[in-house]
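Q: Input: one structure, supplied below.
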Amino acid sequence: MNPLPAEKINKTLSNSGLQLAIYESTGRLMEKRRKALASPLAADFETWREQANRIKRHTIENLDHYLEQLEQNLTRNGGKLVWARDATEAADFILNLAKENNAFRIVKSKSMTTEEIDLNERLENHQLEVVETDLGEYIIQLARERPYHIVAPALHKTRYEVADLFTEKLGVEREVVIEKQTMIARARLREKFLSADIGITGANFLIADSGAVVIVENEGNARLSSSAPRIQIAVAGMEKLIPRAQDLATFLKVLGRSATGQPLTVYTSFLSGPRRAGEIDGPEQFYLVLVDNGRTRVLADRDKRQSLYCIRCGACLNHCPVYRKIGGHNYPWVYSGPIGAIISPQFHGVTEDPWLPYASSLCGACGEVCPVKIEIPKILLALREDVTKAKKREGGGGLERLAFRAWAFLMRHPKLFEIAGMAAPALISDGGGRWIRSLPRPLHVGPIARWLSQRDLPPPAERSFRQLWRARRRRS
Amino acid sequence: MSRDHVLHKVRTALGRSAGQALEPVPEAGIEIPEVFIEARIDQFCEAFEALNGKTYRAASLAEARATVESILAGRTAIASNAPLLTEIGITTLPKVQSGLADRLDLREACSTAGAGITSADYVLADTGTLVMFSSTEEARMISLLPPAHIAVVRRERFLTGLDELLTREPIPSNRSSSMVLITGPSRTADIEQILVRGVHGPGEIHAVVL
Numbered sequence: 001m002n003p004l005p006a007e008k009i010n011k012t013l014s015n016s017g018l019q020l021a022i023y024e025s026t027g028r029l030m031e032k033r034r035k036a037l038a039s040p041l042a043a044d045f046e047t048w049r050e051q052a053n054r055i056k057r058h059t060i061e062n063l064d065h066y067l068e069q070l071e072q073n074l075t076r077n078g079g080k081l082v083w084a085r086d087a088t089e090a091a092d093f094i095l096n097l098a099k100e101n102n103a104f105r106i107v108k109s110k111s112m113t114t115e116e117i118d119l120n121e122r123l124e125n126h127q128l129e130v131v132e133t134d135l136g137e138y139i140i141q142l143a144r145e146r147p148y149h150i151v152a153p154a155l156h157k158t159r160y161e162v163a164d165l166f167t168e169k170l171g172v173e174r175e176v177v178i179e180k181q182t183m184i185a186r187a188r189l190r191e192k193f194l195s196a197d198i199g200i201t202g203a204n205f206l207i208a209d210s211g212a213v214v215i216v217e218n219e220g221n222a223r224l225s226s227s228a229p230r231i232q233i234a235v236a237g238m239e240k241l242i243p244r245a246q247d248l249a250t251f252l253k254v255l256g257r258s259a260t261g262q263p264l265t266v267y268t269s270f271l272s273g274p275r276r277a278g279e280i281d282g283p284e285q286f287y288l289v290l291v292d293n294g295r296t297r298v299l300a301d302r303d304k305r306q307s308l309y310c311i312r313c314g315a316c317l318n319h320c321p322v323y324r325k326i327g328g329h330n331y332p333w334v335y336s337g338p339i340g341a342i343i344s345p346q347f348h349g350v351t352e353d354p355w356l357p358y359a360s361s362l363c364g365a366c367g368e369v370c371p372v373k374i375e376i377p378k379i380l381l382a383l384r385e386d387v388t389k390a391k392k393r394e395g396g397g398g399l400e401r402l403a404f405r406a407w408a409f410l411m412r413h414p415k416l417f418e419i420a421g422m423a424a425p426a427l428i429s430d431g432g433g434r435w436i437r438s439l440p441r442p443l444h445v446g447p448i449a450r451w452l453s454q455r456d457l458p459p460p461a462e463r464s465f466r467q468l469w470r471a472r473r474r475r476s
Numbered sequence: 001m002s003r004d005h006v007l008h009k010v011r012t013a014l015g016r017s018a019g020q021a022l023e024p025v026p027e028a029g030i031e032i033p034e035v036f037i038e039a040r041i042d043q044f045c046e047a048f049e050a051l052n053g054k055t056y057r058a059a060s061l062a063e064a065r066a067t068v069e070s071i072l073a074g075r076t077a078i079a080s081n082a083p084l085l086t087e088i089g090i091t092t093l094p095k096v097q098s099g100l101a102d103r104l105d106l107r108e109a110c111s112t113a114g115a116g117i118t119s120a121d122y123v124l125a126d127t128g129t130l131v132m133f134s135s136t137e138e139a140r141m142i143s144l145l146p147p148a149h150i151a152v153v154r155r156e157r158f159l160t161g162l163d164e165l166l167t168r169e170p171i172p173s174n175r176s177s178s179m180v181l182i183t184g185p186s187r188t189a190d191i192e193q194i195l196v197r198g199v200h201g202p203g204e205i206h207a208v209v210l
């Protein structure tokens, strides 16, 4: 059971440069989304969301059917579907394949699933070279960090930090102009693309009726990773399935707009196996590694399995007042923000990070912007309930129960309640009629102290509701 | 075996049994507006230019050839094997290489050429998108490795948008191992959300409408 990483969070909160970077970047992403939705092209956005939700619900409820269909069609296209129960199985398959093919250099395009299974580390432990090629991923790989955001992995890095990083790791002269930094990365990575043996990509969608993998991106690195090396491996969670290619008409429209405010991203690749007779280029071997790694556990909960509808657009992160303060690295797993807060406990069990479902103000913004209409706030509440139950099972949560019992007792005894109400103002120093920060010192203990460290209390009213009510009755 | 293990777990979680019939499938949300060809072309040009692409209209084959020549402005280029490009005479332009059929030769040529010239299988009007299937005529690398991409397309190829494309090609994998939708020049905003073009793919993109 990991406690709330309060110290780490405080460090983020007191780093003004970082606070500004998170605030500005998520703000820009929100603004891009808002503009895209205001366009007449997106007039049907609400209908698309409904449709996206309907399709995902249907697919998840009939997942076994579509998994088999996907496998059949992918095999017919000359590809191979590899089933991986967990991270080890996924990595072992790739390691063996690399060995069989004398492969050493691997180029990778952005994939949250491979982050989830720590694929790079596992491969590097076996002397393979793994190069991230998405600019943001490349930066954080050089910095040896985890992605800060689902869509913008290096969102927390300023150009100056990138300049230092490039100087240190690439041995180039310090360069702070973003365009030039980008060109440095382009040149470095171009060499890697052209000499790599294996390309590993993620997948945004798996298409059952076509046996295909769909990847959306803006840079072109996923196209290069999937088409330049002789072996392509796509790694994806099995919840990425949708039944038909035609369903892309809905999903591509909501994904780009929600993520970066684009009606379509620059490149959408629809890939369905190795290159065929007559095709000039493309990989000779094509694999789809389908990862469970805990997904079937999530699937078993009827009410919460909708968490698997997620298409990883990152909109809930950008709109979350908590994410925008604490950033991406204070969440316990690679998935941060509201979606991370609901899926991590379901993958790992609620007792691992019991504070996580509480890392939300329940403002509801995440649910409002979700393009597939996952009821994130509702799931957060359900998870809180699970946490409480688990604590009770383990005999914990005593203080909280005691507090609520005391409260219930007071509520049932009006006279006592009133006396307590009158005692409160006497206990609390009033901040001269303004909001107050302080309870009397002796009360600054345990949970109360933690609570007060981030919050304030309004001054108690001069007269309570009961007093006002009695005065009113006397007047009439 | 992992396959059976995972499938079994999925079925147990959902309370389904092997081979159980599928629940009614919701219809795909496809909607195709009626837009005349001329309006589609206008719409495409507007969307494509908004993404910093350049558009040109050519009334004849000769004009298309001259347009491509002026876009190249002396740069070397590699042209795809699309018959349209031969027909226009683009393959005979100076410094334009064509007819490559070997994967490695092609890759080598693409990584040094100043521009890649292709046709496109379809064009999507509303989003300003080029749709390209990989084939004997069109290689994947020509629109990807060189710093500039020039696409020459006939007006009949203009569709209203994604919905019409997926109606024409309901199973894109029946036609090719790769279908790529290209909407503007390669770009990134990974550092401080500031837009930079030409990160891995072409930073410059041109469409010549025939």
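Those protein sequence lines, which keep their order, are chains S and D.
Counting in my numbering, the first sequence tops out at residue 476, every number present.
Counting in my numbering, the second sequence tops out at residue 210, every number present.
In this text, a Cβ means the ideal position worked out from N, Cα and C, and glycines have one as well.
(1) Can you list the residues of chain S that D/Ile-78 reaches, using a CB-CB cut of under 8 Å?
(2) Rounded C-beta distance between S/Ile-342 and S/Ile-311? I'm assuming under 8 Å.
(3) How far does the beta strand (DSSP E) with S/Gln-232 in it extend, from its first residue to its last?
(4) So with CB distances below 7 Å, who are the chain S contacts of D/Arg-3?
(5) What are the start and end residues of the beta strand (DSSP E) that includes D/Thr-118?
(6) Quick check: the Cα distance between S/Thr-12 and S/Asn-330, rounded to an integer number of angstroms?
(7) Kindly say whether D/Gln-193, judged by its beta-carbon, lies nearer than 8 Å to any beta-carbon of chain A.
(8) Can you name the residues of chain S whose CB is closer than 8 Å to the CB of D/Glu-23?
(9) For S/Val-350 and D/Lys-54, I'd like the C-alpha separation in whole angstroms.
(10) Of the residues S/Ala-38, S/Leu-224 and S/Ala-234, which one's Cα is nearest the Cα of S/Ala-90?
(11) Is the region 77-85 of chain S close to the region 21-41 of chain D, with three or more CB pairs under 8 Å?
(12) With DSSP run on the structure shown, which of helix, strand or coil describes S/Leu-241?
(13) Counting only the same chain and skipping the five closest in sequence on each side, list residues whose C-beta sits under 6 Å from that of D/Gly-201.
(14) Under the assumption that S/Ser-210 contacts D/Pro-172 (Cβ atoms under 8 Å), give the Cβ distance between them as a whole number of angstroms.
(15) Quick check: is the beta carbon of S/Phe-270 nearer than 8 Å to any beta carbon in chain D?
(16) Express the C-alpha separation of S/His-156 and S/Gly-328 in angstroms, rounding to a whole number.
(17) Pair every Cβ in the region 151-161 of chain D with every Cβ in the region 202-210 of chain D, then say whether three or more of these pairs are closer than 8 Å.
(18) According to DSSP, what are the bridge partners of S/Trp-355?
(19) If I'm right that S/Leu-67 touches S/Thr-75 with Cβ under 8 Å, what's the distance once you round it to whole angstroms?
(20) Taking C-beta pairs closer than 7 Å, name the residues in chain S that D/Met-179 reaches, listed in chain order.
(21) Would S/Leu-241 and S/Thr-59 qualify as a contact pair, given that the criterion is a beta-carbon distance under 8 Å?
(22) Flag this pair as touching only if the region 19-35 of chain D and the region 100-112 of chain D have three or more C-beta atom pairs under 8 Å; answer yes or no.
(23) S/Asn-77 touches chain D at which residues, Cβ-Cβ below 8 Å?
(24) Between D/Ala-139 and chain S, is there a C-beta pair that is closer than 8 Å?
(25) Quick check: the region 140-152 of chain S against the region 108-123 of chain S, are at least 3 beta-carbon pairs closer than 8 Å?
(26) How about S/Gln-246 and D/Leu-100: are their beta carbons less than 8 Å apart?
(27) Do the CB positions of D/Ser-176 and D/Ser-134 come within less than 8 Å of each other?
(28) Would you mind stating whether S/Arg-49 and S/Val-266 have Cβ atoms separated by less than 8 Å?
(29) Under the rule that 16 or more other beta-carbon atoms within 10 Å means buried, what is S/Ser-385, buried or exposed?
(30) Put D/Phe-133 into one of helix, strand or coil per three-state DSSP.
(31) Given a threshold of 16 other Cβ atoms within 10 Å of its Cβ, counted over all protein chains shown, does D/Glu-137 qualify as buried or as exposed?
(32) Tell me whether S/Ser-344 sits in a helix, a strand or coil according to DSSP, three-state version.
(33) What does DSSP give as the partner residue(s) for D/Leu-159 in the beta ladder?
A: From the atom records:
(1) Reading the second sequence from its first residue, position 78 is the one you call residue 78 of chain D. Result: empty, since nearest Cβ-Cβ is about 12 Å, beyond 8 Å.
(2) Your numbering for residue 342 of chain S matches position 342 in the first sequence. Your numbering for residue 311 of chain S matches position 311 in the first sequence. S/Ile-342 to S/Ile-311, Cβ: 15 Å. No contact.
(3) Along the first sequence, one-based indexing puts residue 232 of chain S at 232. Per DSSP, S/Gln-232 belongs to the beta strand (DSSP E) from 231-237.
(4) Counted from its first residue, the second sequence places residue 3 of chain D at position 3. Near D/Arg-3 (Cβ distances below 7 Å), the residues of chain S are Trp-83.
(5) Your numbering for residue 118 of chain D matches position 118 in the second sequence. Under the DSSP assignment, D/Thr-118 falls in the beta strand (DSSP E) whose first and last residues are 115-118.
(6) Numbered from its first residue, the first sequence carries residue 12 of chain S at position 12. Numbered from its first residue, the first sequence carries residue 330 of chain S at position 330. If I take the Cα positions, the gap works out to 8 Å.
(7) The question asks about chain A, but that chain is absent: this structure's protein chains are S and D.
(8) Translated into positions along the second sequence, residue 23 of chain D becomes position 23. What D/Glu-23 touches in chain S: His-58, Glu-61 and Asn-62.
(9) Within the first sequence, residue 350 of chain S is the residue found at index 350, counting from 1. Within the second sequence, residue 54 of chain D is the residue found at index 54, counting from 1. Just so you know, the alpha carbons of S/Val-350 and D/Lys-54 end up roughly 53 Å apart.
(10) For the purposes of this step, residue 90 of chain S is identified with residue 90 of the first sequence, where counting begins at 1. Looking at the Cα atoms, S/Ala-234 is the closest of the given residues.
(11) Segments in contact, no.
(12) Residue mapping note: residue 241 of chain S aligns to position 241 of the first sequence, counting from 1. Three-state result, S/Leu-241: strand.
(13) In the second sequence, residue 201 of chain D corresponds to position 201, counting from 1. Cβ neighbours of D/Gly-201 beyond the five flanking positions: Leu-144 and Ser-186.
(14) Walking along the first sequence from the start, residue 210 of chain S turns up at place 210. Walking along the second sequence from the start, residue 172 of chain D turns up at place 172. S/Ser-210 to D/Pro-172, Cβ: 6 Å. Contact.
(15) Numbered from 1 along the first sequence, position 270 holds the residue referred to as residue 270 of chain S. By the rule that beta-carbons nearer than 8 Å mark a contact, S/Phe-270 touches chain D.
(16) To locate residue 328 of chain S, count along the first sequence from 1; it is residue 328. To locate residue 156 of chain S, count along the first sequence from 1; it is residue 156. One C-alpha to the other measures close to 9 Å.
(17) The count of Cβ pairs closer than 8 Å, one atom from the region 151-161 of chain D and one from the region 202-210 of chain D, reaches three, so the stretches are in contact.
(18) Within the first sequence, the letter at position 355 stands for residue 355 of chain S. Note: S/Trp-355 is not bridge-paired with any residue in the DSSP secondary-structure output.
(19) Taking the first residue of the first sequence as position 1, residue 67 of chain S is located at position 67. Taking the first residue of the first sequence as position 1, residue 75 of chain S is located at position 75. At roughly 13 Å, the Cβ-Cβ gap does not stay under 8 Å, so S/Leu-67 and S/Thr-75 are not in contact.
(20) Along the second sequence, one-based indexing puts residue 179 of chain D at 179. By Cβ distance, chain S contributes Phe-270.
(21) Here residue 241 of chain S is taken as the residue at index 241 of the first sequence, counted from 1. Here residue 59 of chain S is taken as the residue at index 59 of the first sequence, counted from 1. Yes.
(22) Verdict: no, contact absent.
(23) Reading the first sequence from its first residue, position 77 is the one you call residue 77 of chain S. Result: Ser-173 and Ser-177.
(24) Stepping through the second sequence from its first residue, residue 139 of chain D is reached at position 139. At a cut-off of 8 Å between beta-carbon atoms, D/Ala-139 makes contact with chain S.
(25) The count of Cβ pairs closer than 8 Å, one atom from the region 108-123 of chain S and one from the region 140-152 of chain S, reaches three, so the stretches are in contact.
(26) By 1-based counting over the first sequence, the position of residue 246 of chain S is 246. By 1-based counting over the second sequence, the position of residue 100 of chain D is 100. Not in contact: S/Gln-246 and D/Leu-100 (Cβ atoms no closer than 8 Å).
(27) The sequence position of residue 176 of chain D within the second sequence is 176, counting from 1. The sequence position of residue 134 of chain D within the second sequence is 134, counting from 1. Yes, Cβ-Cβ distance for D/Ser-176 and D/Ser-134 is below 8 Å.
(28) Reading the first sequence from its first residue, position 49 is the one you call residue 49 of chain S. Reading the first sequence from its first residue, position 266 is the one you call residue 266 of chain S. No, they are not a contact pair.
(29) By 1-based counting over the first sequence, the position of residue 385 of chain S is 385. Sequence inspection shows Glu at residue 385 of chain S; the Ser mentioned does not correspond to that position. Label assigned to S/Glu-385: exposed.
(30) Residue 133 of chain D sits at position 133 when you count from the first residue of the second sequence. Strand, per DSSP.
(31) Position 137 of the second sequence, counted from the first residue, corresponds to residue 137 of chain D. In the assembly as shown, D/Glu-137 is a buried residue. Its beta-carbon has 16 or more other beta-carbons within 10 Å.
(32) Here residue 344 of chain S is taken as the residue at index 344 of the first sequence, counted from 1. S/Ser-344 carries a helical assignment under DSSP once its states are collapsed to helix, strand and coil.
(33) Numbered from its first residue, the second sequence carries residue 159 of chain D at position 159. Here D/Leu-159 is bridged, per DSSP, to D/Leu-124.
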